[in-house]
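Trainee: What the sequence shown shows, in our numbering, is residues 163 to 384, in sequence order.
Ideal Cβ positions, reconstructed from N, Cα and C, are used throughout, including at glycine.
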Amino acid sequence: MAEVYPHPKMNFPKWVENFWYHYRWQFLFALAVVAFIAIAAVQSFIQKKIDASILYVGPVAVSDQTCHDIVASAEEKFTRDYDGSGRKSADIRTIHLSTELDGLSPKKRAEADKRFTQYVDEILSGEDCFLLVSPSFYEDLDQKGVLMSVYEIFGAWRGDEAILCGIPLNTIPLGASPGFRDLPPDTVLCLRYAGGVGTKLSENEIEEKNLLNAAIFRDLCS
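(1) Using alpha carbons as the reference points, say which of V308, R271, N372 lies closest to V282.
(2) Can you tell me whether F207 is helix, strand or coil according to DSSP?
(3) Roughly how many angstroms lie between the CA atoms of L373 and N180, to the nearest whole one?
(4) Count Cβ pairs between the segment 334-343 and the segment 214-233 that sit closer than 8 Å; are there 3 or more?
(5) Could you compute how far the alpha carbon of K269 sits from the alpha carbon of S225?
(6) Confirm, please, whether the CB-CB distance from L353 to A376 is below 9 Å.
(7) Is Y143 buried or exposed, if buried means 16 or more other CB atoms sit within 10 Å of its CB?
(8) When DSSP builds the beta bridges, which residues end up paired with Y218?
(9) Identify whether V308 lies in helix, strand or coil by the three-state DSSP scheme.
(10) Determine the burial state of L351: buried for a count of at least 16 other Cβ atoms within 10 Å of its Cβ, exposed for fewer.
(11) What's the call for T241, buried or exposed, on a 16-neighbour Cβ count within 10 Å?
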């Protein structure tokens, strides 16, 4: 497309009229493309804002239907749109992993080692703060010091159903809801501190995120 320059004797309104006459369709097409990209970018940003990102780690291979039900049950527990994105939202990812590795074939052992590496990476630097883990992995996380204590979350110790840094699913109503009831009953719901290795969050942002996650956790346990 040839460039259009104002004629020396053509004033600006006349130049605009001339430009519109020759290039209005090209201009409208370019404007539509820019608008489409902008809308897609905004929608993508909104979709990435999740109130609660859940990670399951344990010996059960969780089905897609169970994942869907867990997300729906969690969202029903939410009392508000916590992050201001305009909707209550949760998502879930799973790592099928067991601490029982004896008797595995070399191939199965290699797969388990790969999943264990993924688990460690997620705990140290992942975005998932709401964890559903088997008792053995709860003990590992507790020893690593990455979990928020029940006292920090609730401001007081709960009854006998709580352990130091988690709530077993079989002790709260959430454990009987669709999706969650398909997990082993001794699965522990716990909360990982926000941030981690390589985080881009400031200290204030981490503190705000921890406070927000604690509020969501309390609603899940209600």
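Mentor: Concretely, from the data shown:
(1) Selected option, being the one with the closest Cα: V308.
(2) In this prediction, F207 scores a pLDDT of 43, lower than 50, which makes its location untrustworthy; the coordinate-derived value is nonetheless stated afterwards. Correct three-state label for F207: helix.
(3) L373 and N180: Cα-Cα distance of roughly 59 Å.
(4) Yes, the segment 334-343 is in contact with the segment 214-233.
(5) Note on geometry: alpha-carbon atoms of K269 and S225 lie some 23 Å from one another.
(6) Yes.
(7) There is no way to answer for residue 143, as the model of the chain reaches only from 163 to 384.
(8) As a beta-bridge residue in DSSP terms, Y218 pairs with T256, L294.
(9) DSSP places V308 in coil when its eight states are reduced to three.
(10) It is buried - the Cβ of L351 has at least 16 other Cβ atoms within 10 Å.
(11) With fewer than 16 neighbouring CB atoms inside 10 Å of its own CB, T241 falls in the exposed class.
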